[in-house]
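Quick note, the sequences are listed as chains A and B, same order.
In terms of full-length UniProt numbering, the first sequence opens at residue 1 and continues consecutively.
In terms of full-length UniProt numbering, the second sequence opens at residue 1 and continues consecutively.
Heads up, the beta-carbon is just placed ideally off N, CA and C, and yes, glycines get one too.
Have a look at the structure below before the remarks.
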Amino acid sequence: MGAFLLRRIVNYLVLITLATCLGYLLAASSLSPREYFAQRQPPPPVASVNATLNQLNLNDKTPLEDRFAHWAKGVVTGDLGKTIDDTSVSAEMGRRMGVTLRLVLFGTISGALVGVALGFISAIRQYRPSDHTITFLSFLVLSTPVFLLAVLLKIGTVKINQAAGTTLLPYTGETTAGLAGGWFRHLVDRGQHLVVPTLSLMLGQAALFSRYQRSAMLDVLGADYIRTARATGMRRGPALVKHGLRTALIPMATLFAYQMGMLLTGVTFTEKIFGWHGMGEWFVDSIGRQDVNAVAAMVLFTAVLILIAGLLSDIAHALLDPRVRD
Amino acid sequence: MSDDAVLEVTDLHVSFPGEKGRPLAAVRGLSYQVRRGETLAIVGESGSGKSVSSMAAIGLLPTNAKVTGSVRFRGRELLGLNDKEMSRIRGAGIAMVFQDPLSALTPVYRVGEAIAAAIRVHREVTSDAAMRRAVELLELVGIPDPARRALAFPHEFSGGMRQRVMIAMAIANDPDVIIADEPTTALDVTVQAQILEVLATAKQATGAAIVLITHDLGVVAGFADRAAVMYAGRPVETAAVEELFAAPKMPYTAGLLSSLPRLDAGRGVRLRSIPGAPPSLAELGAGCPFAPRCAFAVDLCRTTEPELLEIGQGRAAACHRTGEGLDLMAGPSGDSGLADQDSDTAPEAASDAEGAPTEPEAPAKPEAAAVAEPIVGAEPVLTVRDLIKHHPLTKGSIIRRRIGTVRAVDGVSLDIAAGTTLALVGESGSGKTTTVMEILRLRTPQGGSISVLGQDLEALNQGRGVRRRAQPVRAGIAAVFQDPLASLDPRLPVGDLLAEPLRTHGHGKTAGRVRELLEMVGLEASHANRFPREFSGGQRQRVAIARALALEPRLVVLDEPVSALDVSVRAGILNLLADLQRELGLAYLFVSHDLAVVRHVADRVAVLNLGRIVEYGDADSVFEDPRHPYTRALLSAVPVPDPVVERQRERIVLPGDPPSPVVLDGDAEALRGCRFRSRCPLYAALEKPEARELCESTDPALTPVGDADRSAACHHLDAWVPALVQSGTVA
């Protein structure tokens, strides 16, 4: 098991390096920081633009190789360069990373769990009303774009808050500004802020997982080994969970990793709509500002996140399916 | 109704909701009882209801099945119990052993855990105690090094070992009844012999009654005390096994028995075959379901279904003509073949329902027998010399490294003369199919040489225009595979399937040839516009044969051509192949693991083990006087469908599994000496150290034996084989 994971980690490090380098090269050759400065009013003198660009390692007159070498040297020492506004990319990323991670982590995990449960119920009650209901709802969610879903959730939350007479579920920002009180008060406050945005990510995730889990479960329902388990005297429920669900979960582990990429796209909308200052929001803004280093940093972040998800799914896979361990 | 019966099934009916609201009756009135320590066989073909009835008995049918009648276990009625009550009986009182143990064990649990779980379902024991008991059980069923193997996963076990695990699970809670559903069907004959021994051990250890569900009459003869023969959901005959085999009272049973190719019969005897195919449950009419295929049917049979009537002590048969003293085994008109004579009546009777095409027997050609025997010694159509096919065995996903070699074919030499049949036999993994595929590919072999129809493949594949020059060779060699449904494109009508090879080879007008081909294999020309799924299994195989013959090949490769077919239609296909060979002068390369079938068709036989031929020669001579210990063991493992013979004969049960052809790099020991010796009963019995030393140090080459153009690869061909392992002792 240890050797298996170690091999995977080495694999992933290679992939992260590759992805980030390619991400930088793409951003550096397609974004144009010079224009960002040139469009300022009044237009600054060319010499001063060049000086700023040089200082930020963004000058398109410097050969790409040299800029890349300069950037790469920084990255190796943990310095991701400067943003176009001359602040530290690393510092900015440190501030925003936690915000996004919190959303994504809760969104994926709860989404996967709920989806698996729904899919399982749907499969063992195939063609019954509960199956039809779950199927209908999951297709409804799947065909609703994240931004529409988020807006609908916002409207729903307003109704709930009105009904409760207090701001039960705040939906703007990640914390209440100027909140006084102890750490517990802060924790609860952050938790409350987390509910609605997480829900917007979770719903799509759960809908998708429920579809996959349903068909994976249907595949194993007729399997001979469930019949064997039943023939030893195991009752239907335990046999379906211990022998059916256990086996049908294996392909879900892989899906979990690949879903991460999709979810990072979704999180951009969620952050924008709910006013969270996370990585997704920063990414979109950075492209608008022609900010090469910030975009490269975002690529690094995405790569790491997807590969962490890959590692998690490998671990889950190895735990569920002992055959892959050796 | 006897009181000591542990399981008593009375008038069991099972039906499923069918199309258009018409229920499909899968079991129609089955009754049987088994006592402790007794073995009852339920024999039938696919669709006879034999498996459904056992699933009904333990309450594991899907919920849409309607089950009526009575199933009493130790006097307690089981039908109508809820899942909770039934679960207490399943596994503890009545245990099951299923077919195909690869899919029957949950892949993610260690086999020890699986057995322990089966124990803990019924008993309040600690997991340690359950695990210890699991190891004991594994030892009982003959798993070597059980404590370590208990920690292995099902995929790390061979098919035979997995089936042992299934049996261990079944006896874990000391059941009173073990229902074994086709327990040896997917296994090699050598392993089948082992598993039957293990079942016998299990029966001894628990004193349980065994209900053995099978289609293999050979297994019934050797293992069961009584048998019930099922046909179209009904029992048609029940009897003690000796009586059943000696004097069947129902034409279906008689037909099954006489259509079996037997090891103890000679070559080329025409098999009596039952025309047609088992009926589908949807098309059962009012009369006896067997009447359309029965040579003895009278008008009454077509209108009224006979009851199963007691005709003697423990004997019953369902036939209107039981009392008439007909000689069922002889057939109505002597040996000329009931099937052939009956072919005119069969189609009309069966084709009235659903318009399903029926399977008329190939029209007998009286003159066919008169055609001169093929000239033996004529030019060879296939010559293989020292053929080698090794695959690298690699490990690792990114950096692949070679860790060994799969020596699939490791020096095989064969000859087939025009118009003759060579059979390749061996266990799974012996290299039969690889050899055949190497020949069919028509490529330069990795090692050695292949010459097809006088064309050396290495020469053929050199220079320009390989494709064009290979065309006539390709047309001269054809193949028929095991599963006709998988080898016929389901979306093409049969006419197009047959025309395809013709068009590929540039023949313009195909319609006439397609008609001719269909008639040649005993189908109607009007069937050309039907799709493969509209035919029965036997008919599909006839289509596959017709397609193989389209280009008038001289060599046909038959890879397990009857293994996927029901017993009662096998004989028809084998007879058809024999007729075609005589009429068209075809040469066959016949691959089979079924030695009884091979005995029936082969002129010459090559026995393969680990990619090598260990015995080769004239079929009669090899079967009657096998010289290589492996051949002897293989032949001895085949059950003979005759309880008297089967119970008396001594058997060589080979220990262990069919060996793997994998040789790891650097494992020089694996290649040293005779590679069969790890399982060889002769080697195990050799007393002189120098004789053993010879086996250990030198790989035996094929050496001529006797005068009958035979050879075998063994150092001690003349040694007497004392190492007959007695029944009841397993490795």
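- For A/Met234, the chain B residues whose Cβ falls inside 9 Å of its Cβ are Ser87, Arg90, Gly91, Ala117, Ala118 and Val121, in order along the chain.
- If you check the CB distance, A/Gln213 and A/Gln259 do not come in under 8 Å.
- Per DSSP, reduced to three states, the secondary structure at B/Lys66 is strand.
- A distance below 6 Å between beta-carbons, with the five flanking residues on each side excluded, links A/Gly111 to the following residues of its chain, in chain order: Met202, Gln205 and Ala206.
- For A/Asp224, the C-beta contacts it makes with chain B under 8 Å involve Phe98, Asp100, Ser103 and Ala104, in order along the chain.
- Taking C-beta atoms under 8 Å as the contact rule, B/Thr322 and B/Lys249 qualify, at a distance of about 6 Å.
- Restricting attention to alpha helix (DSSP H) runs no shorter than 4 residues, the region 66-142 of chain A encloses them at 89-124 and 129-142, ordered along the chain.
- Fully enclosed alpha helix (DSSP H) runs of no fewer than 4 residues occupy 299-303 of the region 268-339 of chain B, in order along the chain.
- Partner residues in the beta bridge of B/Gln33, as assigned by DSSP, are B/Glu8.
- Per DSSP, the unbroken beta strand (DSSP E) holding B/Thr39 starts and ends at Thr39 to Val43.
- CA-CA distance, B/Ala247 to B/Val298, rounds to 21 Å.
- Collapsing the DSSP output to three states places B/Tyr588 in a strand.
- In terms of CA proximity to B/His507, B/Leu551 leads the group B/Ala295, B/Leu492 and B/Leu551.
- Taking 8 Å as the CB threshold, A/Arg8 stays off the interface with chain B.
- Below the 9 Å Cβ cutoff, chain A contributes His243, Arg246, Thr247, Ile250, Leu320, Asp321, Pro322 and Arg323 as neighbours of B/Val108, in chain order.
- Where A/Asn50 is concerned, the enclosing alpha helix (DSSP H) starts and stops at Val46 to Leu56.
- Comparing alpha carbon positions, the residue from B/Met169, B/Glu696, B/Pro639 and B/Thr420 closest to B/Leu589 is B/Thr420.
- With three or more CB-CB distances shorter than 8 Å, the region 43-58 of chain A counts as touching the region 80-97 of chain A.
- The C-alpha of B/Val562 is placed about 12 Å away from the C-alpha of B/Leu576.
- The C-beta of A/Thr228 comes closer than 8 Å to at least one C-beta of chain B.
- As computed with DSSP, B/Pro17 is found in a beta bridge with B/Pro23.
- Closer than 8 Å at the C-beta level to chain A, one finds these residues of the region 49-60 of chain B: Ile58 and Leu60.
- Here B/Asp225 is not near B/Val640, since their CB atoms are 8 Å or more apart.
- The region 191-244 of chain A is shown to contain whole alpha helix (DSSP H) runs of 4 or more residues at 224-231 and 236-239, in chain order.
- For A/Asn293, the enclosing alpha helix (DSSP H) stretches over residues Val292 to Leu320.
- For the region 133-162 of chain B, the set of residues with a beta-carbon nearer than 7 Å to any beta-carbon of chain A comprises Phe153 and His155, in chain order.
- Minimum Cα-Cα distance from B/Ile213 among the listed residues B/Val191, B/Ala668, B/Tyr683 and B/Asp181 corresponds to B/Asp181.
- CA-to-CA, the gap between B/Arg530 and B/Gly44 works out to about 29 Å.
- Between B/Val52 and B/Val71, the gap from beta carbon to beta carbon reaches 8 Å or more.
- Between the alpha carbons of B/Gly207 and B/Gln648 lies a gap of roughly 23 Å.
- Taking a Cβ-Cβ threshold of 7 Å, the residues of chain A close to B/Lys84 are Arg235, in chain order.
- DSSP places B/Tyr616 in the strand class (E or B) of the three-state scheme.
- Among the residues of the region 114-143 of chain A, none has a Cβ less than 8 Å away from any Cβ of chain B.
- Ranked by Cα distance from B/Val567, the first of B/Leu260, B/Glu560 and B/Thr631 is B/Leu260.
- Any Cβ of chain B closer than 8 Å to the Cβ of A/Ala216 would place that residue at the interface, and such an atom is absent.
- With at least 16 other beta carbons inside 10 angstroms of its own, B/His716 counts as buried.
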